[in-house]
Each structure stands twice: as C-alpha cells, then as structure tokens.
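The structure under discussion appears below in the form of structure tokens.
Written out as structure tokens, the structure is:
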C-alpha cells in the first residue's frame with residue numbers, strides 16, 4: 080500500500096471544482112462600479128422610475144452640455160475613478176482619465192482585460208500547482224496495478240469517451256451562447272441608432288407644431304427631456320419589462336400626443352408611433368435572456384471536463400513518474416485559462432450597460448449629445464434656428480466665367496472671347512496717350528461690357544420663354 084499524501088492535496092483538488100463552479104460569484108465581487116459623476120459618458124444616476132423628475136430635469140438642463148466631439152465631450156465631463164474598485168484602481172495607474180479624459184476608451188478596455196484576465200490567470204495558476212498533488216492523491220486511492228494499466232493505456236477508451244462527450248457538449252453550448260450574446264450586442268446598437276434618429280425627428284416636429292405657443296412648447300419640451308433622461312439613458316439599471324409595464328399616464332410620449340392633439344391625432348402621431356417601436360426594440364435587446372442556471376450549467380460542464388485530467392494523470396504517473404505530471408500541469412493550466420477567458424467574455428456581453436470594452440452606454444452618450452444640447456437650448460429659450468436660405472448661383476457675384484458656364488457651347492465661347500478682348504483693351508492701353516485715348520478706351524470697354532450683358536440677358540430671356548412654351 081502506498082502512503083496517502085497529505086489531506087491538503089485533496090482539499091486543494093476540491094477547491095478547484097468549487098472555484099470553477101462558482102467563478103462568476105468570485106469575479107462578481109470585483110465588478111466595476113459605475114461612474115457617479117453627473118453627465119458622465121458612461122453612466123448617469125437618475126432618480127427612481129416612480130419619481131416626478133420634471134423640475135429636476137429642468138434644473139439640470141441649465142448645465143452646459145458637451146459637444147458632439149468625443150474629445151470635447153470627455154473634457155467637459157471628466158470621469159471619476161471609483162477608488163473602492165480594484166479593477167479601476169489598477170487601470171487608473173496606467174491611464175489617468177481624470178487628467179486626460181480622452182484616454183477613457185483605453186481605460187475601459189483595460190478594465191475589461193483586468194476583470195477577465197486576472198481571475199483566469201489565477202485559476203490557471205491554481206490548476207497548475209495542485210494538479211500533480213491531486214493526481215498522486217487519486218493514485219493513492221486507487222492503488223491497483225490492473226486499474227493503473229487500464230487507465231494508463233486507456234485500452235477500453237472509457238475515460239476518453241467521457242472526456243470527448245463532455246467536451247463536445249461544453250463547446251457546443253459555449254459557442255452558441257457566445258454567438259447569441261454577440262447577436263444581442265448588435266441588436267442593441269441597431270435599436271439605439273433607430274431610436275435616437277426618431278427622437279431627433281420628433282424634436283423637429285415639436286418645434287414646428289408648437290411654434291408661437293410658449294407655454295405649450297415648454298411643456299412638450301419638458302416631456303421630451305424627461306423621456307431622454309429617464310428612458311433612453313436606462314440600460315440594466317431597471318429591468319426592461321418593468322419599464323414597459325409603466326402606466327400610459329406616466330409615459331412622456333403619451334403626454335406629447337395629448338398636448339399636440341385636439342380632437343384627433345396630430346401630425347406627430349406617426350413619429351411617436353415609430354419612436355415607441357424603436358423603444359420596444361431597444362428594451363427587447365436589453366432584456367436578459369439567459370437565466371443564471373444556464374451559466375451554472377456551463378461552469379458544471381467545464382468542471383467535468385477538467386476533472387477528467389487528474390484521473391488520467393494518476394495512470395500516467397505509473398509510467399513517467401512525477402515528471403510527466405509536471406508537464407501535464409502546464410497543458411492543464413492553458414486549458415483552464417482559455418475556458419475562464421471565454422466565460423469571462425460571455426459575462427461581459429451579458430451586461431452592455433456595465434463599464435467595460437463591450438459597453439454600449441458610452442456610444443449612446445455620444446449619439447444623444449446633439450439632441451441634449453438642442454433640448455437645453457430650446458428649454459432655456461436660446462435656440463436660434465438656421466433661417467439662412469440656400470446659396471444659389473443667382474446670388475453670387477456676376478463674372479464672365481460663371482455666366483458663360485450657363486450658356487451653350489458656341490455662345491459661351493463668344494462671350495469669353497468678348498470678355499478677354501475687353502480686359503485686354505483695358506490692360507494694354509498706355510497711360511501716356513493722353514486723356515483722349517483714355518476716354519476712347521473706356522468707351523470701348525463700356526460698350527463691350529454692355530454688349531456682353533445684353534447677350535446674357537437675351538439668352539436668359541429666350542431660355543425662360545422657351546421653358547414656359549414647352550411647359551404649356
């Protein structure tokens with residue numbers, strides 16, 4: 080009988096299984112908290128859904144909103160690093176976003192790398208260290224030469240079939256989950272672009288419908304601002320089903336329809352209808368579709384796959400000794416690192432509103448910057464629409480080249496030649512010929528210019544007359 084190794088090896092072996100099964104709970108304790116600064120690019124902290132926030136939003140509308148440029152947007156709203164979060168502290172040592180807000184994108188990407196990579200690296204290192212002891216502990220429990228012969232040679236291929244089956248099931252489920260989460264991420268972006276576009280269209284129609292009615296105009300703008308701040312900016316702060324279950328009387332879009340309709344729906348009805356459809360797409364894309372039991376199943380399958388290797392190592396050590404166990408420990412650590420890395424990315428994709436590389440909230444903040452700025456200007460009464468008309472050719476200063484470009488080919492050549500001759504006569508006239516020569520040259524130049532203008536007017540009149548005749 081071989082002496083049993085210390086119980087610490089068995090204990091460490093059980094720790095690996097527990098860590099693999101409860102990996103999400105371990106990593107969730109280090110989750111990145113959201114930025115708490117007002118107007119930050121990543122997260123706002125709105126009041127509860129049931130609170131009347133119109134007065135609060137009016138006071139916030141007086142603040143300076145950022146420009147649509149990403150760099151200026153970040154400079155105007157510098158983010159704050161949460162010192163209570165371990166991942167933010169480590170990332171801020173590399174990218175100090177409080178001093179240089181333009182590095183925020185690199186900062187959140189580094190946070191994701193640290194949040195996913197460090198737990199994976201720790202689990203891989205743990206697997207590498209405890210694998211030899213776990214294999215020797217299993218060998219001491221078996222202590223049968225016949226069993227070792229079957230396990231080492233795997234003549235029945237029983238263990239190989241178990242490992243292949245569990246690995247295949249795990250890879251299929253993880254692959255489908257990974258693809259499904261990426262589809263959800265794409266659906267979120269498409270829904271956000273559609274909803275922001277319809278919100279801008281609604282704001283333009285509000286300015287046209289309520290033009291000249293100051294009180295009504297301000298009430299509608301308050302409803303629009305309430306929708307942008309309390310609905311559009313929400314991600315996973317409130318469950319999408321809870322937001323959709325709100326009463327119609329609490330819906331700011333319903334208030335807009337009520338204020339703009341007299342007896343029958345107004346012209347903004349179709350826009351509000353399209354905006355509600357886009358909102359439904361966004362809420363549906365943000366809805367958490369994978370239950371917690373799904374991720375628990377994936378971690379359980381991963382633990383089954385990994386626990387097969389120590390049993391194979393118990394048989395292999397009868398041939399290669401402890402040296403072969405050290406080699407196998409390195410390969411096992413690579414497998415553990417890859418599995419944990421994939422599972423960490425799946426968890427990142429599950430939370431699109433959380434700060435990280437897969438965060439869609441930052442993109443939304445840039446998208447609605449122009450909308451919020453115009454809302455702020457309209458609420459404060461400083462909005463000035465662009466009343467300048469389009470620049471036409473008829474408004475430009477007259478020149479021979481621009482006017483000749485409108486003429487037919489033969490007429491254009493004649494006009495250009497006449498213009499060149501007129502300018503040549505003026506340029507080559509010597510100043511020493513006296514007043515008589517100067518007056519003659521000026522007279523000829525004036526006559527040439529008059530002839531040129533008369534040709535242009537005649538051509539324009541003929542063209543207009545021909546167009547009217549053809550139209551009749």
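Numbering (my numbering), first residue to last: 80 to 551.
We treat Cβ as the ideally placed atom computed from N, Cα and C, and that holds for glycine.
Residue i versus the options, residue with shortest Cα-Cα distance
i           : options            : result
residue 436 : 218, 348, 423, 532 : 423
residue 242 : 383, 432, 418      : 383
residue 280 : 461, 530, 258, 447 : 447
residue 214 : 225, 418, 391, 531 : 391
residue 230 : 538, 416, 396      : 396
residue 277 : 208, 354, 365, 237 : 354
residue 458 : 293, 537, 402, 410 : 293
residue 332 : 356, 319, 317      : 356
residue 450 : 291, 306, 529, 412 : 306
residue 254 : 418, 441, 414, 216 : 418
residue 452 : 370, 400, 282      : 282
residue 368 : 179, 224, 264      : 264
residue 375 : 359, 425, 400      : 425
residue 270 : 204, 324, 359      : 359
residue 188 : 456, 226, 170      : 170
residue 408 : 203, 260, 181      : 203
residue 429 : 221, 224, 261      : 261
Buried versus exposed call for residue i [16 or more other C-beta atoms within 10 Å across all chains shown]
i           : result
residue 427 : buried
residue 572 : Given that the chain is displayed from residue 80 to residue 551, the structure contains no residue 572 and the question cannot be resolved.
residue 117 : Confidence at residue 117 is low in this model, with a pLDDT of 33, below 50, so its placement is unreliable and the value that follows should be read with caution. Exposed.
residue 472 : With a pLDDT of 43 at residue 472, under the threshold of 50, the modelled position of that residue is not reliable, and the figure given next carries that caveat. Exposed.
residue 378 : buried
residue 398 : exposed
residue 310 : buried
residue 38  : Only positions 80 to 551 of the chain appear in this structure, which leaves residue 38 out of reach.
residue 166 : buried
residue 433 : buried
residue 177 : exposed
residue 416 : buried
residue 194 : buried
residue 402 : exposed
residue 371 : exposed
residue 413 : exposed
residue 296 : buried
residue 198 : buried
residue 537 : exposed
residue 326 : exposed
residue 212 : buried
residue 287 : exposed
Residues of its chain near residue i, where Cβ-Cβ distance is below 8 Å and the 5 sequence neighbours each way are ignored
i           : result
residue 284 : 346, 347, 350
residue 380 : 245, 248, 249, 252
residue 411 : 206, 207, 210, 385, 388
residue 275 : 311, 443, 446, 447, 450
residue 421 : 253, 257
Which of helix, strand or coil DSSP assigns to residue i
i           : result
residue 286 : helix
residue 174 : coil
residue 438 : coil
residue 267 : helix
residue 325 : coil
residue 412 : helix
residue 240 : helix
residue 312 : coil
residue 367 : coil
residue 537 : helix
residue 430 : coil
residue 280 : helix
residue 164 : coil
residue 246 : helix
residue 526 : helix
residue 425 : helix
residue 403 : helix
residue 318 : coil
residue 346 : coil
residue 447 : coil
Contacts around residue i, its chain only, beta-carbon distance under 6 Å, and the 5 residues preceding and following it disregarded
i           : result
residue 299 : 285, 289, 335, 338
residue 322 : none
residue 185 : 174
residue 439 : 267, 431
residue 454 : 304
residue 319 : 362, 365, 366
residue 461 : none
residue 533 : none
Residues near residue i in its chain [Cβ-Cβ closer than 7 Å; skip 5 each side]
i           : result
residue 313 : 322
residue 85  : The predicted position of residue 85 is uncertain, since its pLDDT is 39 and thus under 50; no value can be drawn from it.
residue 217 : 389, 390, 393
Min CB distance residue i to chain D below 9 Å
i           : result
residue 435 : Absent from the structure: chain D. Only one protein chain is present.
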